[in-house]
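Notes follow once the structure below has been shown.
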Amino acid sequence: MNQLVANMAGNVWKVVVSEGDQVNSGDDIVILESMKMEIPIAAEAGGSIKELKVNEGDFVNEGDVIAIIE
Amino acid sequence: MAKNEFHEEIRERIENGGAEKYHEKNAEKGKMFVRERLNRLFDDDLDVEDAFFANCMDDSLPADGVVTGIGKINGQTVCVMANDSTVKAGSWGKRTVEKIIRIQETAMKLEVPMLYLVDSAGARITDQIEMFPNRRGAGRIFYNQVQMSGRVPQICLLFGPSAAGGAYIPAFCDIVVMVDGNASMYLGSPRMAEKVIGEKVSLEEMGGAKMHCSVSGVGDVLVSSEQEAIEYAQKYLTYFPENFRSKPPVQEAIKPESFEKSIGDLIPENQNAPFDMYELIKRLIDEDSFCEIKREFAKEIITGLARINGQTVGIIANQPRMKGGVLFHDSADKAAKFIQLCDAFNIPLIFLADIPGFMIGTKVERAGIIRHGAKMISAMSEASVPKISVVVRKAYGAGLYAMAGPAFEPDVTIALPTAQIAVMGPEAAVNAVYANKIAELPEEERPAFIKEKQEEYKENIDIYRLASEMVIDDIVQPDDLRDHLNKRLEAYQSKNLTFTERKHGVYPV
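Chains as they are written, first to last, in numbering that gives the first Met the number 0: chain A, 0 to 69; chain B, 0 to 508.
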């Protein structure tokens, strides 16, 4: 089980996947909006999305868990 | 026994290092014997070895656990020290330390690069009075390293542990290559951490190669085997002169790799969309010439050595694919050291800017982003090598400054036709200037108003306007950028600048 965490503070602009989806390492999971930039947060390992911890519009701080990948 | 026979016997014993069981143990971990490492690293083994007979009256301490000598790598003379972990785990006794100090002194006299092949458990506590506190104790190794820094390249290949005081050998080198799984650096072992501060932690987690190369930034290059570490060192050295007095050797010019997509196609029109800066770098440099430093650490900035038309350059590039290319405390720190490295050894610097600015918020303020940002700006200001600033897409706020903007005496500031330079981007600027006005407007009128003001703002910061005001020196078509950089590098070859006269600056660290 892998926790995907935000690597910087920002707002969740888009959630690209849904719970249960299969993802590969390097696939974008969410896109943050921070410093007026789109910040893709990609999976570090492949697997299925067990849980999404954020919704579009949420603020996340650096280190906050975005998703759990199994 | 005849003297000759005795000599051969003792020679063979020393050459074989420690006991067979330690050789076997090392082999199990994928570790080579120290003499095998040297054999592979050097063009033709060591030319000369010093104090081979150190501590030869003691059967159990061949060469006193360290090999020191001089040899050639790519035809270039270098000095080396290499721990032998089959001898008391590569620990340091009195003669070990003296041997290391002497080879450093030799490197200084010859003004040639110094390599440290580290694989050592640290000091031999039993020998501490002889090797720890005195004038030519271990402290002198570090003193010498500081004195050598910037005079000759210092490279550390970390094959095993580098513990306690020994952990400072890598710290003072220009670059530290770590072998995943075997290399580690720590001041106190996990056992000591548990005893002294009550922390339970694994060696890998606390001081492993992955951790140091991706989290602490004490390691620079993560490799998967000793052979890979050796090849990296061989490649790395090709970019450097033997000392600060010379220029890097020019190699045969090679065309960049060819791609379907041109540079113009790569860069998105939307300033806020990510793109991969590596793709741009590949199109600017000679094929296969990128030698990246700190790839796993603070990925929002890319630092690496490369060649353009055979000439060594140092590239500092924002990576919009990672954290939007925003500068953080760690990325500023990474860039600062890389700039110092290139400047010390006469390697021209190319800044590829695509930067929304420095990160803001509580986390980074508490981490001292102002201090770390100032460190990068100090290093960049002081660099007196040819300095070329390219605004690839945008340079906002202090990001323009950190990436060698016009006020920092670059030899030239170039922009691509779609580039933007401003205190902040259009969205942020309109929000900042017209916040009250926007709030007063009925909601349905807001988008049109914002759009109008953003367009006005964009016109105001138009890159041709900035070129007309001579803020930037040239606007270059994306696909002409490599040729243009090549011409600039040639033009600035004879640059000879002393930054200022003084003892030294007082910089944030």
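We put the CB at the ideal spot given by N, CA and C, even for glycine. Just so we're clear, the structure is a prediction, and the values are computed from it rather than from any experiment.
Quick test of your reading: Pro-132 of chain B and Val-77 of chain B, contact by CB under 8 Å. State the CB separation rounded to the nearest angstrom. The pair is not a contact, with the Cβ atoms about 31 Å apart (cut-off 8 Å).
So, with DSSP's three-state summary, where would you put Thr-85 of chain B? Correct three-state label for Thr-85 of chain B: coil.
Interface flag, Pro-446 of chain B vs chain A, CB-CB below 8 Å: Not an interface residue.
Going by C-alpha distance, which of B:Ala-421, B:Ile-420, B:Lys-452 and B:Val-422 is nearest Ala-434 of chain B? Out of B:Ala-421, B:Ile-420, B:Lys-452 and B:Val-422, B:Lys-452 has the C-alpha closest to the C-alpha of Ala-434 of chain B.
Quick one: grab the DSSP three-state call for Glu-317 of chain B. The question names Glu, but residue 317 of chain B in the sequence shown is Asn. Three-state result, Asn-317 of chain B: strand.
Would you kindly report the start and end of the unbroken beta strand (DSSP E) that includes Cys-55 of chain B? From DSSP, Cys-55 of chain B is part of no beta strand (DSSP E); its letter is neither H nor E.
Determine the DSSP secondary structure at Asp-473 of chain B, reduced to helix, strand or coil. DSSP places Asp-473 of chain B in strand when its eight states are reduced to three.
Got a sec, what are the start and stop residues for the alpha helix (DSSP H) Pro-446 of chain B sits in? Note, Pro-446 of chain B: alpha helix (DSSP H), 445-459.
Quick one, which residues of the region 9-37 of chain A are near chain B if we go by CB-CB under 8 Å, in chain order? Within the region 9-37 of chain A, the residues whose Cβ lies closer than 8 Å to some Cβ of chain B are Ser-33, Met-34, Lys-35, Met-36 and Glu-37, listed in chain order.
Would you mind telling me which residues of chain A sit closer than 9 Å to Gly-138 of chain B, beta carbon to beta carbon, in chain order? What Gly-138 of chain B touches in chain A: nothing, since even the nearest Cβ is about 38 Å away.
Nearest chain B C-beta to Glu-61 of chain A closer than 8 Å, yes or no? Yes, contact with chain B.
CB contact flag (Glu-225 of chain B, Val-178 of chain B, <8 Å): Their beta carbons are under 8 Å apart, which means Glu-225 of chain B touches Val-178 of chain B by this criterion.
Can you confirm whether Asn-6 of chain A, when its beta carbon is compared against all beta carbons of chain B, has any partner nearer than 8 Å? Yes, Asn-6 of chain A lies at the interface with chain B (some Cβ there is under 8 Å from its Cβ).
Is Val-96 of chain B close to chain A? Criterion is C-beta to C-beta, closer than 8 Å. With its beta carbon at least 8 Å from every one in chain A, Val-96 of chain B lies outside the interface.
Check whether the Cβ atoms of Lys-246 of chain B and Asn-345 of chain B sit closer than 8 Å, and answer yes or no. Taking 8 Å as the Cβ cut-off, Lys-246 of chain B and Asn-345 of chain B qualify as a contacting pair.
Members of the region 450-469 of chain B near chain A, C-beta cut-off 9 Å: Correct list: empty, as no residue qualifies.
Determine the closest residue to Arg-426 of chain B out of B:Val-145, B:Glu-455 and B:Val-508, with distance taken between C-alpha atoms. Reading off the sequence shown, one finds Glu at residue 426 of chain B, where the question assumed Arg. Closest option to Glu-426 of chain B, Cα to Cα, is B:Glu-455.
Ends of the beta strand (DSSP E) at Ile-72 of chain B? First-last of the beta strand (DSSP E) with Ile-72 of chain B: 65-72.
Where does Lys-298 of chain B sit, in a helix, a strand or coil, going by DSSP? In the structure shown, Lys-298 of chain B falls within a coil segment according to DSSP collapsed to helix, strand and coil.
Asp-27 of chain A and Val-11 of chain A look like a contact to me (Cβ under 8 Å); what is the Cβ gap, rounded to whole Å? In fact, because the Cβ distance is near 12 Å, the residues do not count as touching under 8 Å.
Indicate whether at least one CB of chain A lies closer than 8 Å to the CB of Pro-169 of chain B. By this cut-off, Pro-169 of chain B is not an interface position.
Closer than 8 Å is the cut-off here; do at least three beta carbon pairs connect the region 19-26 of chain B with the region 45-59 of chain B? Here the region 19-26 of chain B makes no contact with the region 45-59 of chain B; the two share fewer than three CB pairs at distances below 8 Å.
Please identify the residue among B:Glu-110, B:Lys-293, B:Ile-301 and B:Ala-335 whose C-alpha is closest to the C-alpha of Glu-278 of chain B. Of B:Glu-110, B:Lys-293, B:Ile-301 and B:Ala-335, the residue nearest in Cα terms is B:Ile-301.
Examine chain A for any beta-carbon lying closer than 8 Å to the beta-carbon of Ala-434 of chain B, and answer yes or no. Chain A contact via Cβ: absent.
Helix or strand or just coil, what does DSSP make of Glu-61 of chain A? Reduced to three states, the DSSP call for Glu-61 of chain A is coil.
Just to confirm the assignment, what range does the beta strand (DSSP E) spanning Leu-114 of chain B have? Unbroken beta strand (DSSP E) run through Leu-114 of chain B: 113-119.
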